[in-house]
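> Following this note's numbering, the numbering of the sequence shown begins with 9 at its first residue and continues without gaps.
Yeah, the Cβ is synthetic: ideal placement off N, Cα and C, and Gly gets one too.
Nothing here was measured: the structure is a model prediction, and the numbers come from that model.
Take this structure, written in structure tokens, and hold onto it; I'll ask about it next.
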Amino acid sequence: MLLPSAAFMSNARPRAVARWLFAVAALIVAMVVVGGITRLTESGLSITRWQPISGIVPPLNQVAWQAEFDRYKQIPEYAAFNRGMTLAGFKAIFFWEYAHRLLGRVIGLAFALPLLWFAIRRRIPAGYGTRLVALLALGGFQGAIGWWMVASGLSERTDVSHLRLAAHLVTALVILAGIVWTALDLMQLHRDRLAVPARLGGAAALAIGLLFVQIVWGAFTAGLDAGYAFASWPLMGDSFFPAGVTMLTPGWSNAIDNPVVVQFIHRWFAFAVAAALFWLAVRATRRGSRSGFVVVGLVTLQIFLGVATLMTGVLIDVAVAHQANAALLLIATVVAAHRIGVVKPRV
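Below is the structure:
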């Protein structure tokens with residue numbers, strides 16, 4: 009007598025879980041956009057305390073606003089760049105940092121509460137609970153990294169560490185990639201209850217890894233204000249690499265700490281990443297996925313936005329679009345890599 013497989017008797021609802029994860033991914037993309045605006049408007053140090061619970065309530069009266077402003081006046085950024093700022097000016101930069109932190113809290117709740125509900129109702133397919141809890145833990149760690157980043161600019165520096173900024177951005181995008189990959193696995197499981205998780209092959213992992221390297225140097229470029237170093241393309245001033253640049257010691261540190269070298273790397277490494285992503289797109293297209301066309305389109309747009317960011321003198325609208333498109337490109341790349349890694353189940 010034939011008995012039904014446990015996969016067909018489960019109460020799990022992979023499509024419902026996947027839809028929830030896609031919604032969380034959309035919130036993370038919004039978070040990346042708001043984070044970019046916060047950085048570009050120099051708003052990130054306007055809130056000088058980390059209060060995960062009570063910090064959800066903004067100043068509600070004149071006294072509270074003045075107290076918050078007085079705390080900001082005690083950090084080096086105010087003395088160096090914003091001395092004489094009015095309370096109205098402070099409220100403008102406070103808004104973006106508050107919105108960034110508030111959205112982070114919203115994402116945390118949007119992940120934790122439905123996860124708990126799905127777990128109680130036994131809607132999470134076998135094998136996915138641990139992965140989802142790990143993503144939740146990484147999200148909590150991301151919040152701690154955010155404060156670690158802000159803290160770097162509150163005492164001796166006039167801005168945050170570009171290394172910590174890169175860690176903050178990359179962690180957010182790792183979470184985004186993990187959520188999208190998991191949601192795609194779950195959608196595959198919805199279509200076929202015998203489906204197994206897709207495999208991230210070596211070549212696809214390389215393409216994604218190169219994209220992350222480029223994102224890291226993009227964060228370095230933003231954190232060092234390296235985008236302002238040269239506003240010309242394709243040359244930097246009058247040459248491929250400008251002459252007379254003061255180099256740091258040891259030499260390797262120029263790739264991380266020298267704004268001119270960082271901009272140079274971010275400019276030209278982009279084309280190596282584009283080549284890898286084009287190859288990935290071709291592979292995905294051959295597997296019948298339209299994501300390959302999306303990857304090619306977003307790569308092309310990303311290069312255009314990068315050049316436009318430089319030539320407009322880092323105009324905020326263009327620079328934010330550049331960062332937002334990077335998040336979308338990562339999603340498209342993950343979709344393409346997942347399609348290549350889908351394994352046909354054996355009955």
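(1) Got a sec, what are the start and stop residues for the alpha helix (DSSP H) Ile101 sits in?
(2) Leu285: which of Leu338, Leu123 and Gly44 sits nearest, CA to CA?
(3) Can you find the residues in the same chain that come closer than 8 Å, C-beta to C-beta, to Ala278, ignoring five residues on each side of it along the sequence?
(4) What whole-angstrom Cβ distance do Met39 and Gly112 have, given they're in contact under 8 Å?
(5) Pop quiz: Ile115 and Val32 are said to be a contact at Cβ under 8 Å. What is the actual Cβ separation, rounded to whole angstroms?
(6) Say whether the stretch 160-176 touches the stretch 228-240, bearing in mind that this needs 3 or more beta-carbon pairs closer than 8 Å, one atom from each stretch.
(7) Take Glu105 as the anchor and find which of Glu164, Glu76 and Arg295 has the nearest alpha-carbon.
(8) Within a Cβ cutoff of 8 Å, which residues of the same chain sit near Phe119, ignoring the five residues on either side of it in sequence?
(9) Look up Ser54 in the DSSP assignment and say whether it is helix, strand or coil.
(10) Give the DSSP bridge partners of Met244, in chain order.
(11) Could you tell me the alpha carbon to alpha carbon distance between Ala212 and Gly97, rounded to whole angstroms?
(12) Taking the Cβ atom as the reference point for each residue, do Trp241 and Leu117 lie within a distance shorter than 8 Å?
(13) Give me the residue from Leu288, Gln271 and Val178 with the minimum Cα distance to Gly245.
(14) Can the beta-carbon of Ala206 be found less than 8 Å from the beta-carbon of Val350?
(15) Do Ala327 and Ala292 have their CB atoms nearer than 8 Å?
(16) Label Pro258 either buried or exposed according to how many other C-beta atoms from any shown protein chain fall within 10 Å of its C-beta, with 16 as the threshold for buried.
(17) Between Val322 and Gly226, how many whole angstroms is the CB-CB distance? I'm expecting something under 8 Å.
(18) Quick check on Gln331: buried or exposed, where buried means 16 or more other Cβ atoms within 10 Å of its Cβ?
(19) Report yes if the C-beta distance between Pro22 and Pro133 is below 8 Å; otherwise report no.
(20) If you measure between the beta carbons of Ala239 and Val268, is that distance less than 8 Å?
The structure says:
(1) The continuous alpha helix (DSSP H) containing Ile101 extends over residues Leu95 to Ile128.
(2) Leu338
(3) Around Ala278: Gln222, Gln310, Ile311 and Gly314.
(4) 7 Å
(5) In this structure Ile115 is in contact with Val32, their Cβ atoms being roughly 7 Å apart against a cut-off of 8 Å.
(6) yes
(7) Glu76
(8) Val32, Leu143, Leu144 and Gly147
(9) coil
(10) DSSP output for Met244 lists Ser247 as bridge partner(s).
(11) 47 Å
(12) Contact flag unset, no.
(13) Gln271
(14) Taking a C-beta distance under 8 Å as the contact criterion, Ala206 and Val350 qualify as a contact pair.
(15) no
(16) Around the CB of Pro258, fewer than 16 other CB atoms lie within 10 Å, so the residue is classed as exposed.
(17) The pair is not a contact, with the Cβ atoms about 12 Å apart (cut-off 8 Å).
(18) Burial call: buried.
(19) yes
(20) no
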